[in-house]
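Enquirer: Protein chains in written order, with our numbering: chain A, 13 to 501; chain B, 164 to 602.
Before I ask anything, let me first share the structure, which is written out below as C-alpha cells.
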Amino acid sequence: MVAVQEKQDWQAVIQDMEAVIDPNNVIRRKEELLVYECDGLTSYKQRPAVVVLPRTTEEVAAAVKVCDRHNIPFVARGAGTGLSGGALPLENSVLIVTAMMKQILDVDLENQRVVVQPGVINNWVTQAVSGGGFFYAPDPSSQIICSIGGNVAENSGGVHCLKYGVTTNHVLALKIVTPDGSIVDIGGPVPEMPGYDLPGIFVGSEGTLGLATEVTLRIVKTPDVIRVLLADFTSIEAAGQSVSDIISAGIIPGGMEIMDNFSINAVEDVVSTNCYPRDATAILLVELDGLEVEVAAASEKVEAICRKNGARQIQSATDPQERLALWKGRKAAFAAVGKISPDYYVQDGVVPRSKLPEILEEIEALSQRSGYRIANVFHAGDGNLHPLILYNNAVPGELEKVEEVGGEILKLCVKKGGTISGEHGIGADKRCYMPELFNETDLETMLWVRDVFDPKRVANPDKIFPTPKTCGEAARAQAQKEFPNTERF
Amino acid sequence: MGAIASQIESIIGTAGITAWSELPAEQRQHYEGAIAPGTLPEYMICPDSQEALAEVVAWAHRDGISLLPCGSGSKLDWGKLTEGIQVILSTERLNRLVEHATGDMVVIAEAGLPFADLQAALAPTNQFLSLDPAYPERATLGGIVATADSGALRQRYGGVRDLLIGISFVRADGQVARGGGKVVKNVAGYDLMKLMTGAYGTLGVLSQLIFRTYPLPEAGATVVAVGDGEAIAQLTQSILLSSLTPTALELLAPVTTQSLGLESSASNNFGLLVRFQSIPASVEQQSASVRKQAESVGLATTLLQDAAEADLWKRLREKWDEPAHSDAITCKMGVRPTRAIELLSALEKLEDVQPTLATLHAGSGLGYLHLPADASPSILQQIRQLCETHSGYLTIQRAPVPLKQSFDIWGIRSETLPLMQGLKQRFDSQNLLSPGRML
Ligand SMILES: Cc1cc2nc3c(=O)[nH]c(=O)nc-3n(C[C@H](O)[C@H](O)[C@H](O)COP(=O)(O)OP(=O)(O)OC[C@H]3O[C@@H](n4cnc5c(N)ncnc54)[C@H](O)[C@@H]3O)c2cc1C
Chain A
13 MVAVQEKQDW
23 QAVIQDMEAV
33 IDPNNVIRRK
43 EELLVYECDG
53 LTSYKQRPAV
63 VVLPRTTEEV
73 AAAVKVCDRH
83 NIPFVARGAG
93 TGLSGGALPL
103 ENSVLIVTAM
113 MKQILDVDLE
123 NQRVVVQPGV
133 INNWVTQAVS
143 GGGFFYAPDP
153 SSQIICSIGG
163 NVAENSGGVH
173 CLKYGVTTNH
183 VLALKIVTPD
193 GSIVDIGGPV
203 PEMPGYDLPG
213 IFVGSEGTLG
223 LATEVTLRIV
233 KTPDVIRVLL
243 ADFTSIEAAG
253 QSVSDIISAG
263 IIPGGMEIMD
273 NFSINAVEDV
283 VSTNCYPRDA
293 TAILLVELDG
303 LEVEVAAASE
313 KVEAICRKNG
323 ARQIQSATDP
333 QERLALWKGR
343 KAAFAAVGKI
353 SPDYYVQDGV
363 VPRSKLPEIL
373 EEIEALSQRS
383 GYRIANVFHA
393 GDGNLHPLIL
403 YNNAVPGELE
413 KVEEVGGEIL
423 KLCVKKGGTI
433 SGEHGIGADK
443 RCYMPELFNE
453 TDLETMLWVR
463 DVFDPKRVAN
473 PDKIFPTPKT
483 CGEAARAQAQ
493 KEFPNTERF
Chain B
164 MGAIASQIES
174 IIGTAGITAW
184 SELPAEQRQH
194 YEGAIAPGTL
204 PEYMICPDSQ
214 EALAEVVAWA
224 HRDGISLLPC
234 GSGSKLDWGK
244 LTEGIQVILS
254 TERLNRLVEH
264 ATGDMVVIAE
274 AGLPFADLQA
284 ALAPTNQFLS
294 LDPAYPERAT
304 LGGIVATADS
314 GALRQRYGGV
324 RDLLIGISFV
334 RADGQVARGG
344 GKVVKNVAGY
354 DLMKLMTGAY
364 GTLGVLSQLI
374 FRTYPLPEAG
384 ATVVAVGDGE
394 AIAQLTQSIL
404 LSSLTPTALE
414 LLAPVTTQSL
424 GLESSASNNF
434 GLLVRFQSIP
444 ASVEQQSASV
454 RKQAESVGLA
464 TTLLQDAAEA
474 DLWKRLREKW
484 DEPAHSDAIT
494 CKMGVRPTRA
504 IELLSALEKL
514 EDVQPTLATL
524 HAGSGLGYLH
534 LPADASPSIL
544 QQIRQLCETH
554 SGYLTIQRAP
564 VPLKQSFDIW
574 GIRSETLPLM
584 QGLKQRFDSQ
594 NLLSPGRML
C-alpha cells in the first residue's frame, strides 16, 4: 500500500510531468480541474491534484513513471461517462486522461480488426468500418460520448450484446502501461495466444491494473436485414414472459428491451416520438437481424408469442429511419427521466431472465415502501435492470436514502441468483456491496491478480474492492437498519 | 500403505485412492506422458465432492506435495512435462450436473462431468454447449476449460472463454474461490473465468463451471469446396466479407483434404468446409450462394447434409485427435486470417518435413498442425517463425519426450512472461500445481 505523504511536493511532480508531457497538457489550476471532479455519477466529487493529458503510449508510460517515482496514485479517465464513480479522482492523485489519444491507428477489414487509441469514441469505430459493411457490436447507450478505453475498463455492454457479446468478447489485444510504467503488449491479432489470457483479465478491471493505450477490436459484419418490433402490453409480467418465451423458442434477437409506463410517458413528454402508447403498462422492443428468411421467420414467431401473452399492438420496421424512430425513445429514456425529475440515481443489477417478473414486482413494492418513484428501462434479454430512482438532491439526506434504496435493489438481485453490476462496473459506488456477492476468499483471490499488476496499489486505488475504512458508511447503514430508532447523522 | 495414503484416507476415505502401481498399465503409461521421466507419482486421488477436493489440496499445500490436476486425462500429454508429481488429482468423480436453468440458458456443472454427458442432458431441451472439443466422448468440462479447447464452431460461438460465465476452483492453499455467476452479463470483480481458461491446471483446480448455452439449430449443411489455393483464399475472403453466417469455416491443406477423401481429381487440393446451421430455408439459401461463388472461381463443390455431414465433421475431429502416427508432434497455431492460405502453402512446401495434417479456422486464424515425430527443433523453429511473421504463434501440444525437454514448446511472447510468472507465483507460491507444465 502507498502511504500517501501528508505533504506531497506537487511542484516537483508538476515539473517532472512537464518534462515528459507538453506543459499545455498538464493541468493544475483549480478552475480547470473542476471538470475532472467527477464522472457520470455526479454525487461523488473529488478534485485531483494534477491532471495530465498524454498523447502517446510513451507519454502515458512516462507519466505513470513520474507517479511511481513520487509514490503517488493515479486514476485513468476516458470520457468520464462512467456511472459507478470509476474515474473519480483521489485527493492526492494524478488523473491521467486519454482525451488526446483519439486516433484510429489501423482499420483491417479483411481480418476484421481495428486498432484504436483508448480515447477514441465508441461509435467512431462503427463509423470507420460501416462503409465496408461492418460494425463494432458493443454499443452502450452512451456510445456517442464514451471512450473505448472506458469500455475496456468497464467491460461495457449495450443493446446488442444479447446476441453479439460484451466488450471482452471483442477485444483481441491491448497495449498496456502497467502501474510501474512498463509498456506490455498482451493478446494478439489472433485469439487464444499461448499462456494466460491477460487481455481477458485486464478487460473489466476498471483501471486498477494499469492503463490501456492501444486496443485491438474485433468488428462484425452488418446483417442483411434488421427488423425492430415494438409490442405494447397491459402488464409488465406479460412483457417479461414474452422475453422468456422468445428465448425459449430458440430465437436470439440482436436486442430485447423493456420500458415501463413511467419511462414511456417520460419519453413521450420529452422527445414526443408518438410511437409509444402512453397507456401501455410496458413496451417490449425486439430487434431481429440476419438473412431475410431468418428475420421473416423469427418475427412471425415473436409476434405470435407477444400476441399469446396479450400484446395489444405490434409495430415493426425494417427501414433504417423507421427503426431509428422506434429506438429513439429507448435511447433517450435516461435523459427524459432526467428532465422530469431534478435528479435520478441509476442502478445496474442483473437477475436470471426468468426472475424478471418477480424482481419487477419487488422493486415496485420497494418504491411504494420508500416513497421514491422508480422508473424501469432495461436490457430484458439478459436480465440487466436499470431502475432509475427519482429524487431531489437539493433536499438534504435524499441522496443517502436513495442510495439505500438502490442498495436494496442490488441485494434483491443477488438473492435471485443475479449480480450487482451488469455493465456499469463497481467503481467507487458499489464496492461495499461486493461482499453480498463474493466472500473473503473470492475477493482475496481477485486481489492476488492485483498484487501482480499493481503491487503498490497505486492504480485507481479505492475502487472495486471494499475496505474497512471506505465501507464504514455501509456498515453504518447496516447498523441503522438493525437499530432503526437511533439517530441518523 | 504409505504415509500419503493414510493421511488421505483420513480425509476422504478409502474410495477414490489408488496406488500408482495398482493402476492399469495402459493408464499409467498415459499419465506418464505428462510427467518428466525420472520420478513417478505415488497415488491417484479422485475426490467426489468439492469439499473433499479442497481438503486434499489443503493437505498437499501443508505437506508440500505436488499435484497433477486432471479430469479424465484425455489431454495430459499436451503442454510441457510436469516435474516431480507425487499425486495425480482427478476430478472425474465430481461429475454432477448441478442445475440447468432452461429458461435462462445457463448450465452449472461440476468440473469432472464429461462433455458428452452434458450434451446428452441438454439435448432434450433443444439446447447445447456450443463447443466442439477434442475427445468429445471422454473430455471433461474441467479439462476443456483448462486447455481452452474447442474446434471449428469457434467461427460462430467464440472459444471457451466466451461461454464460461462462472467458476469455482480450489486454490493452491485449498481454499475454494469463486468468480462470475449464473447470469450472462456480469462485471462484478475481476474475470477469474478468463484467468483459469487455458491455464492448464497451473493456477488452481477447477471444481464447478457455469456456461451459457445456445439453442440447437434446426437444420444444417456443409458445402465442401476443393481446388486451387488462391481460389480457396478468394472464396474464403468473399464469405467473410459477405453477410453469410457460417457456424464453421474450416480451411484444409491438401494433405488433409486428401486424408478426408475430399480431393477433386486435380492436383490442387486445398479445401474449405463451410457449415451453415439455422432454419432450413436459410441453410439452403446460404449453401446455394456459397456453391455458386465457389464454382464461379473454379472450385469443385459438394453439399453434405444429414448423416453425411455429421460424418464429415466427426472424421475431421478424429483426424485432429488421432494423428496418422501415434507419436506425431501435434501443434496449435495461429495466423492473421488473411495469411491462412499462404501459411498452409508454405507448410506444404517445407523441404525437410511433410505435415500429416494442417487446418485453420478461417475466421479467427486458429488451427492445428501434425508433424512426424522426427521433425527437428530447427524445423519447428522455422514453422514458428512463419506463424510469427504473420502475427501468429505456434504451440506444440504433443511431442516426444526429448523434444518437450529441449524445445520451448509454448512459444509465449517473452514480454508477457513477467506478468504470467507473477500470476503463477502469486497463485501457487510453492509451485505444487502442475509444476512446469506451462511456465
Ligand atoms: C447516458 C448514459 C448511458 C449509458 N449507457 C450505458 C450502457 O448502455 N452500457 C454500458 O455498459 N454503460 C453505459 N454507460 C456507462 C458508461 O458510458 C460506460 O461505463 C463507458 O464505458 C465509460 O467510458 P468513459 O470513456 O466515459 O470512461 P470513464 O468514465 O472516463 O472511466 C471509466 C473507468 O474506466 C477507467 N479507464 C478509462 N480509460 C482507461 C484506460 N485507457 N485504461 C484503463 N482504464 C481506463 C477509469 O479509471 C474508470 O474506472 C452509460 C452512461 C451514460 C452517462
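A virtual CB, placed ideally from N, CA and C, is assigned to each residue, including glycine.
If you measure beta-carbon to beta-carbon, which residues of the stretch 260 to 287 of chain B are closer than 9 Å to chain A?
Expert: Answer in chain order: Ala264, Thr265, Gly266, Asp267, Met268, Val269.
Enquirer: Using 8 Å as the threshold, is the C-beta distance between B:Ile330 and B:Phe374 below it?
Expert: No.
Enquirer: Figure out for me which residue from B:Ile167, B:Leu231, B:Gly314, B:Asp280 has the closest Cα to the Cα of B:Tyr531.
Expert: Checking every option, the nearest Cα to that of B:Tyr531 belongs to B:Gly314.
Enquirer: Return the CA-CA distance between A:Arg290 and A:Gln253, expressed in angstroms with no decimal places.
Expert: Computed Cα separation, rounded: 21 Å.
Enquirer: With C-beta atoms as the reference, is A:Leu397 less than 8 Å away from A:Ile438?
Expert: Contact flag unset, no.
Enquirer: Give the DSSP-derived three-state secondary structure of A:Thr498 in the structure shown.
Expert: The predicted model places A:Thr498 with a pLDDT of 35, which falls under 50 and marks its position as unreliable; any figure quoted below should be read in that light. Correct three-state label for A:Thr498: coil.
Enquirer: Runs of 3 residues minimum, wholly inside the stretch 253 to 280 of chain A: which ones carry the beta strand (DSSP E) assignment?
Expert: If we require 3 residues or more, the beta strand (DSSP E) runs fully inside the stretch 253 to 280 of chain A come out as 267 to 272.
Enquirer: Bridge partners of A:Ala329, per DSSP?
Expert: Per DSSP, A:Val240.
Enquirer: Any beta carbon from chain A within less than 8 Å of B:Lys512's own beta carbon?
Expert: Not closer than 8 Å to any Cβ of chain A, the Cβ of B:Lys512 fails to qualify, so no.
Enquirer: My output table needs one value for B:Asp312: the three-state DSSP class, helix, strand or coil.
Expert: Looking at B:Asp312 - three-state DSSP - the assignment turns out to be coil, as it is neither helix nor strand.
Enquirer: Which residues bound the beta strand (DSSP E) around A:Ile12?
Expert: Nothing can be reported for residue 12 of chain A, as the shown portion of chain A is limited to 13 through 501.
Enquirer: Compute the Euclidean distance between the alpha carbons of A:Glu306 and B:Gln456, then round it to the nearest angstrom.
Expert: Distance between the alpha carbons of A:Glu306 and B:Gln456: 21 Å.
Enquirer: Residues in the stretch 348 to 372 of chain B with C-beta within 7 Å of chain A's C-beta atoms, listed in sequence order?
Expert: Going along the stretch 348 to 372 of chain B in chain order, one finds Lys348, Asn349, Val350, Ala351, Gly352, Tyr353, Asp354, Leu355, Lys357, Leu358, Thr360, Gly361, Ala362 with a Cβ nearer than 7 Å to chain A.
Enquirer: Which class does B:Ile546 belong to by DSSP, given the choice of helix, strand or coil?
Expert: Helix.
Enquirer: Looking at A:Arg443 and A:Ile476, is the spacing between their C-beta atoms short of 8 Å?
Expert: Yes, Cβ-Cβ distance for A:Ile476 and A:Arg443 is below 8 Å.
Enquirer: By Cβ distance, which residues of its chain are closer than 8 Å to A:Asn497, with the 5 residues on each side in sequence left out?
Expert: Per-residue confidence for A:Asn497 stands at a pLDDT of 40, beneath the threshold of 50, marking its modelled position as unreliable; the derived number appears in the next sentence. Closer than 8 Å at Cβ, skipping near neighbours: no residue.
Enquirer: Taking the alpha carbon of A:Ala323 as the point to measure from, which residue in A:Glu249, A:Val283, A:Asn388, A:Thr330 has its own alpha carbon closest?
Expert: Here the closest residue by C-alpha is A:Glu249.
Enquirer: Is the beta carbon of B:Gln371 sitting closer than 8 Å to the one on B:Gln213?
Expert: A contact, by the Cβ cut-off of 8 Å.
Enquirer: Tell me A:Arg89's beta-bridge partners as DSSP assigns them.
Expert: According to DSSP, which records beta bridges pairwise, A:Arg89 is partnered with A:Val109.
Enquirer: With A:Phe524 as the anchor, note down where its alpha helix (DSSP H) starts and where it stops.
Expert: The shown model of chain A, from 13 to 501, leaves out residue 524 of chain A, and the question about it has no answer.
Enquirer: Could you run through the stretch 97 to 131 of chain A and flag, in chain order, every residue whose CB is less than 9 Å away from some CB of chain B?
Expert: From the stretch 97 to 131 of chain A, only Asp120, Leu121, Glu122, Asn123, Gln124, Arg125 have a Cβ closer than 9 Å to chain B.
Enquirer: Under 8 Å between C-beta atoms, does B:Trp573 make it to chain A?
Expert: Yes, because at least one Cβ of chain A sits closer than 8 Å to the Cβ of B:Trp573.
Enquirer: Assign A:Ser366 to buried or exposed, taking buried as 16 or more other Cβ atoms, counted over all protein chains shown, within 10 Å of its Cβ.
Expert: Buried: at least 16 other Cβ atoms inside 10 Å.
Enquirer: Exposed or buried, which one is A:Ile156 when buried takes at least 16 other CB atoms within 10 Å?
Expert: With fewer than 16 Cβ atoms within 10 Å of its Cβ, A:Ile156 is classed as exposed.
Enquirer: Would you mind working out which of A:Thr293, A:Tyr176, A:Gly193 sits nearest A:Val232, comparing C-alpha positions?
Expert: Closest by alpha carbon: A:Tyr176.
Enquirer: What residue does the alpha helix (DSSP H) around B:Cys233 start on, and which one ends it?
Expert: No alpha helix (DSSP H) contains B:Cys233, which is instead part of the beta strand (DSSP E) from 230 to 233.
Enquirer: The alpha helix (DSSP H) with B:Met356 in it runs from where to where?
Expert: Taken as a continuous stretch (DSSP letters only), the alpha helix (DSSP H) holding B:Met356 covers 355 to 359.
Enquirer: For a contact defined as C-beta to C-beta under 7 Å, what are the partners of A:Trp460 on chain B?
Expert: Result: Arg589, Phe590.
Enquirer: By a C-beta neighbour count over all protein chains shown, 10 Å radius and 16 as the cutoff for buried, is A:Asn388 buried or exposed?
Expert: So A:Asn388 counts as buried.
Enquirer: When DSSP labels each residue in this structure, what does B:His193 get in the three-state scheme?
Expert: Reduced to three states, the DSSP call for B:His193 is helix.
Enquirer: Using a Cβ-Cβ cutoff of 7 Å, what residues of the stretch 304 to 332 of chain B are near chain D? List them in chain order.
Expert: The displayed structure is made up of protein chains A and B, and chain D is not among them.
Enquirer: Measure the alpha-carbon distance for A:Cys173 versus A:Val126 and round it to whole angstroms.
Expert: Each residue's Cα considered, the two are about 19 Å apart.
Enquirer: Identify the contact partners of B:Thr465 in chain A, using a Cβ-Cβ distance below 7 Å as the criterion.
Expert: Correct list: empty, because the minimum Cβ distance to chain A is about 22 Å.
Enquirer: Is A:Phe346 near ligand 1, in the sense that its beta carbon is under 7 Å from a heavy atom of that ligand?
Expert: Yes, ligand 1 has a heavy atom inside 7 Å of this Cβ.
Enquirer: Assuming B:Pro204 and B:Val269 are in contact, meaning their beta carbons sit under 8 Å apart, how far apart are those beta carbons, in whole angstroms?
Expert: About 36 Å; that fails the 8 Å criterion.
Enquirer: Rounding to the nearest angstrom, what Cα-Cα distance links A:Glu299 and B:Glu426 in this structure?
Expert: If you take the alpha carbons of A:Glu299 and B:Glu426, they lie about 43 Å apart.
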